[in-house]
Amino acid sequence: MAKVILVFASMTGNTEDMADAVAEGVQAAGAELTQKNVMDTNASELAGYDGIILGAYTWGDGDLPDEFLDFYDELEEVDLAGKKAAVFGSCDSSYSAYGAAVDTLIEKLQERGAEIVTEGLKVELGPSSEDKEVCKSLGETLARSLQVTA
């Protein structure tokens with residue numbers, strides 16, 4: 001069974017709601033899931049998983065949340081070649097750099113060798129019921145990308 005880790009940061013609960021929906025999709029597609037707040041993990045743990053999903057809100061004018069900064073820096077030391085990945089986040093269109101944290105994390109994962117299997121998912125503020133279905137689909141897509149075809 002493929003192993004997936006989902007690491008997220010949430011301040012208001014929006015990104016956590018998204019993470020829960022993504023997790024539902026991963027499990028529905030038959031993968032083993034570990035879900036962690038970014039404050040409770042470090043990037044070296046990613047090496048033990050086949051799939052990686054990161055979720056972060058964008059802070060201010062396009063920054064990663066403070067709680068994601070150490071994890072982001074630790075990614076420099078991790079080889080993610082052969083790993084499949086996806087990224088999601090809650091965003092706020094009142095800022096000029098809409099969802100920039102999602103883009104920043106995608107770039108870092110690719111730089112470290114991971115294959116991004118689906119477009120970064122950006123949701124305005126809190127996820128609606130429809131948004132949660134899209135989140136679930138992201139989880140399913142990542143998990144299915146790990147299934148070995150005979």
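Everything in the sequence shown is counted per UniProt numbering, starting at 1 for the first residue and increasing by one.
Even glycine gets a Cβ: it sits at the ideal position worked out from N, Cα and C.
So, are the CB atoms of Ala56 and Ala101 less than 8 Å apart?
Along the sequence shown, read from residue 1 onward, the residue named residue 56 stands at position 56. Along the sequence shown, read from residue 1 onward, the residue named residue 101 stands at position 101. In this structure, Ala101 lies closer than 8 Å to Ala56 by Cβ.
Nearest to Lys108 by CA position, among Phe68, Ser137, Thr41, is which residue?
Stepping through the sequence shown from its first residue, residue 108 is reached at position 108. Among Phe68, Ser137, Thr41, the Cα nearest to that of Lys108 is on Phe68.
If you run the structure through DSSP and keep just helix, strand and coil, what is Leu129?
What you label residue 129 is simply residue 129 of the sequence shown in a count that begins at 1. The sequence shown places Ser at residue 129, rather than the Leu named in the question. Correct three-state label for Ser129: helix.
Check the DSSP bridge columns for residue 153 and list the partner residues they point to.
Residue 153 lies beyond the range of the chain shown here (1 to 150); nothing can be said about it.
Three-way DSSP call (helix, strand, coil) for Thr149 in this model:
Taking the first residue of the sequence shown as 1, we reach residue 149 at position 149. Because Thr149 sits at a pLDDT of 48, beneath the cut-off of 50, its placement in the model cannot be relied upon, and the point is left open.
Under three-state DSSP, which class holds Asp103?
Here residue 103 refers to the residue found at position 103 of the sequence shown. Helix at Asp103.
Please look up how many angstroms separate the CB atoms of Leu121 and Val134, rounded, as I've assumed it's under 8 Å.
Counted from its first residue, the sequence shown places residue 121 at position 121. Counted from its first residue, the sequence shown places residue 134 at position 134. The Cβ separation is near 6 Å, so the contact holds.
CA-to-CA distance, Asn37 to Tyr49, given in whole angstroms
Walking along the sequence shown from the start, residue 49 turns up at place 49. Walking along the sequence shown from the start, residue 37 turns up at place 37. Roughly 16 Å separates the two Cα atoms.
Ala29 and Leu6 look like a contact to me (Cβ under 8 Å); what is the Cβ gap, rounded to whole Å?
Position 29 of the sequence shown, counted from the start, is the residue given in the question as residue 29. Position 6 of the sequence shown, counted from the start, is the residue given in the question as residue 6. About 13 Å separates the two Cβ atoms, so there is no contact after all.
I need the straight-line Cα distance from Ala2 to Gly139, nearest angstrom please.
Here residue 2 corresponds to residue number 2 of the sequence shown, with the count starting at 1. Here residue 139 corresponds to residue number 139 of the sequence shown, with the count starting at 1. Using only the alpha carbons, I get a separation of about 13 Å.
Quick test of your reading: Met18 and Pro127, contact by CB under 8 Å. State the CB separation rounded to the nearest angstrom.
As a first step, residue 18 is located in the sequence shown; it is residue number 18 there, counting from the start. As a first step, residue 127 is located in the sequence shown; it is residue number 127 there, counting from the start. Yes, they are in contact, since the Cβ atoms of Met18 and Pro127 sit about 5 Å apart, within 8 Å.
Less than 8 Å between the CB atoms is what I'm expecting for Ser93 and Glu124, so what's the real figure, rounded?
Here residue 93 refers to the residue found at position 93 of the sequence shown. Here residue 124 refers to the residue found at position 124 of the sequence shown. The Cβ separation is near 6 Å, so the contact holds.
Beta-carbon proximity list for Thr104, same chain, < 7 Å, skipping 5 on both sides:
In the sequence shown, the residue the question calls residue 104 occupies position 104. Counting only Cβ-Cβ distances below 7 Å, and skipping sequence neighbours, we find Leu64.
Is the beta carbon of Leu80 closer than 8 Å to that of Ala31?
Locating residue 31 in the sequence shown gives position 31, where the first residue counts as 1. Locating residue 80 in the sequence shown gives position 80, where the first residue counts as 1. Taking 8 Å as the Cβ cut-off, Ala31 and Leu80 do not qualify as a contacting pair.
Alpha carbon of Ile106 to alpha carbon of Ile116, nearest angstrom
On the sequence shown, residue 106 is found 106 positions in, with the first residue counted as 1. On the sequence shown, residue 116 is found 116 positions in, with the first residue counted as 1. Between Ile106 and Ile116, the C-alpha separation is close to 7 Å.
Three-way DSSP call (helix, strand, coil) for Asp66 in this model
For the purposes of this step, residue 66 is taken as residue 66 along the sequence shown, with counting starting at 1. Reduced to three states, the DSSP call for Asp66 is helix.
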